[in-house]
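Novice: Have a look at this one.
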Amino acid sequence: MKIDRLSLAVAALCLAGVVAVYGLLPETVPIHWDAAGQIDSWGPRWNLLALGALPLACVVLFRLLPLIDPRRESYERHAKTYGTIERLTVTVLAALVWVSAAAALGAGFDIGAIVRTLSGLLFVGLGNFMGRIKRNYFVGIKTPWALADDEVWRLTHRRGGLVFIAMGLVYIATLALPPGPALAIVFGAGTVGGIAYIYLYSYLCWRHLRGRGNAPASEEREP
Numbered sequence: 012m013k014i015d016r017l018s019l020a021v022a023a024l025c026l027a028g029v030v031a032v033y034g035l036l037p038e039t040v041p042i043h044w045d046a047a048g049q050i051d052s053w054g055p056r057w058n059l060l061a062l063g064a065l066p067l068a069c070v071v072l073f074r075l076l077p078l079i080d081p082r083r084e085s086y087e088r089h090a091k092t093y094g095t096i097e098r099l100t101v102t103v104l105a106a107l108v109w110v111s112a113a114a115a116l117g118a119g120f121d122i123g124a125i126v127r128t129l130s131g132l133l134f135v136g137l138g139n140f141m142g143r144i145k146r147n148y149f150v151g152i153k154t155p156w157a158l159a160d161d162e163v164w165r166l167t168h169r170r171g172g173l174v175f176i177a178m179g180l181v182y183i184a185t186l187a188l189p190p191g192p193a194l195a196i197v198f199g200a201g202t203v204g205g206i207a208y209i210y211l212y213s214y215l216c217w218r219h220l221r222g223r224g225n226a227p228a229s230e231e232r233e234p
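What the sequence shown shows, in my numbering, is residues 12 to 234, in sequence order.
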């Protein structure tokens, strides 16, 4: 698979931008925020430079995975979806880098709200494409039951896509909550509940199909 030019351009611009403002950064920069959006950890400014390289590392990783996956043929069947997922992931990572850089330069905004918004948009975006991913070992919802059976994989990802969208909407909906314990509880419950539901659903699908003695379904090429 070829390197996605759009993802590479976004990642390169992200790193170049961080390098350009590096000299303007203070010696210590914020590197973590709590659930209330308050800075709770600081570090040397090179941390931001390393963060700026993450989107580029992500581009490299997306090219490497199909080469080392035992089910590498699956990537040809979902090539368009794989490219879309890469662009979504790299773009959101780059946005988070620039939010962190702006905060380090003294911009006054609620970074917690921005992070929840970006996370919500990422999950909504991923959820819309999750059902098109073919069975592989690196990308998608990798429950043991989905990895063992093509039909369980298909059902898990179709339902998982809807759950991802719901989780993303919950993250965005938390913007209506003031910083505090309630926000942390809703955010955490949405995440843990969504993941737990996907795993339970995947297991039940596997048990149901195995109970009927169904053989694994054949895979089809992405339309």
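Glycine residues also receive a C-beta, built at the ideal position from the N, C-alpha and C atoms. Since the structure is predicted, the reported quantities are computational estimates derived from the model, not experimental observations.
1. Can you list, in chain order, the residues of its chain with a C-beta nearer than 8 Å to that of Tyr214? Leave out the 5 residues immediately preceding and following it.
2. Identify every residue that forms a DSSP beta bridge with Gly54.
3. Just to confirm, are Leu59 and Ser111 a CB contact at a threshold of 8 Å?
4. Can you say whether Leu137 is buried or exposed, counting buried as having 16 or more other CB atoms within 10 angstroms of its CB?
5. Please state whether DSSP places Ala64 in a helix, a strand or coil.
6. Please identify the residue among Ala187, Arg56, Arg88 and Pro189 whose C-alpha is closest to the C-alpha of Val30.
7. Contact check, Gly8 vs Ile152 under 8 Å by CB: the rounded distance?
8. Going by other Cβ atoms of all chains shown within 10 Å of its Cβ, with 16 needed for buried, is Pro66 buried or exposed?
9. What whole-angstrom Cβ distance do Phe73 and Glu97 have, given they're in contact under 8 Å?
10. Note down, in chain order, each residue of its chain lying with its Cβ closer than 6 Å to the Cβ of Arg127, except the 5 sequence neighbours on either side.
11. Kindly indicate which three-state DSSP category Pro81 falls into: helix, strand or coil?
12. Report yes if the CB atom of Asn147 is closer than 8 Å to the CB atom of Ser85, and no otherwise.
Specialist: Result, derived from the coordinates:
1. Within the sequence shown, the letter at position 203 stands for residue 214. So the qualifying residues of the chain are Thr154 and Trp156.
2. In the sequence shown, counting from the first residue as 1, residue 54 sits at position 43. BP columns for Gly54 point to Val40.
3. By one-based count along the sequence shown, residue 59 stands at place 48. By one-based count along the sequence shown, residue 111 stands at place 100. Contact flag set, yes.
4. As a first step, residue 137 must be located in the sequence shown, where it is residue number 126. Buried, because 16 or more other Cβ atoms sit within 10 Å of the Cβ of Leu137.
5. Here residue 64 corresponds to residue number 53 of the sequence shown, with the count starting at 1. If DSSP states are grouped into helix, strand and coil, Ala64 belongs with coil.
6. Here residue 30 is taken as the residue at index 19 of the sequence shown, counted from 1. It is Arg56.
7. This structure gives no information on residue 8, because the portion of the chain shown stretches from 12 to 234.
8. Along the sequence shown, one-based indexing puts residue 66 at 55. Its Cβ being crowded by 16 or more others within 10 Å, Pro66 is buried.
9. The sequence position of residue 73 within the sequence shown is 62, counting from 1. The sequence position of residue 97 within the sequence shown is 86, counting from 1. Contact holds; Cβ gap of about 5 Å.
10. Residue numbering aside, residue 127 sits at position 116 when the sequence shown is read from its first letter. Cβ within range, chain order: Tyr182 and Thr185.
11. Here residue 81 refers to the residue found at position 70 when the sequence shown is read from its first residue. Pro81 falls in the coil class under three-state DSSP.
12. Locating residue 147 in the sequence shown gives position 136, counting from the first residue. Locating residue 85 in the sequence shown gives position 74, counting from the first residue. Yes.
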